[in-house]
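Numbering (the working numbering), first residue to last: 134 to 204.
The structure appears below as structure tokens.
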Amino acid sequence: NLFIFQTPSAVDKIKKLLKDKPEHVGVKVGVRTRGCNGLSYTLEYTKTKGDSDEEVVQDGECLFVLIYLKQ
134 NLFIFQTPSA VDKIKKLLKD KPEHVGVKVG VRTRGCNGLS YTLEYTKTKG DSDEEVVQDG
194 ECLFVLIYLK Q
């Protein structure tokens, strides 16, 4: 199981970001390989939940977590 906790200010920020994008259902957080320095996080709006995404709902806001690394 995947445990992710969003702070109240993070939930508020996601609500504000999605308010102007009614066609999107949430945001996706992922990890991407970044050159030779290692990894970086990604944050993207999404219109759908992917089959391999883990869904986290907190205070009515959706956060989809990509389980794999992006190249």
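Ideal Cβ positions, reconstructed from N, Cα and C, are used throughout, including at glycine.
Just so we're clear, the structure is a prediction, and the values are computed from it rather than from any experiment.
Pick from the options that is closest to residue i, judged by C-alpha positions
i, options, result
"E156", "D192, E188, K180, E194", "K180"
"K182", "K149, P141, Q139, V160", "V160"
Under 8 angstroms between C-beta atoms of residue i and residue j
i, j, result
"V162", "T175", "yes"
"I147", "E194", "yes"
"D186", "V144", "no"
"L151", "V164", "no"
Simplified DSSP state of residue i, which is helix, strand or coil
i, result
"K161", "strand"
"S185", "coil"
One or two residues paired with residue i in a DSSP bridge
i, result
"E156", "According to DSSP, which records beta bridges pairwise, E156 is partnered with nothing at all."
"S173", "R165"
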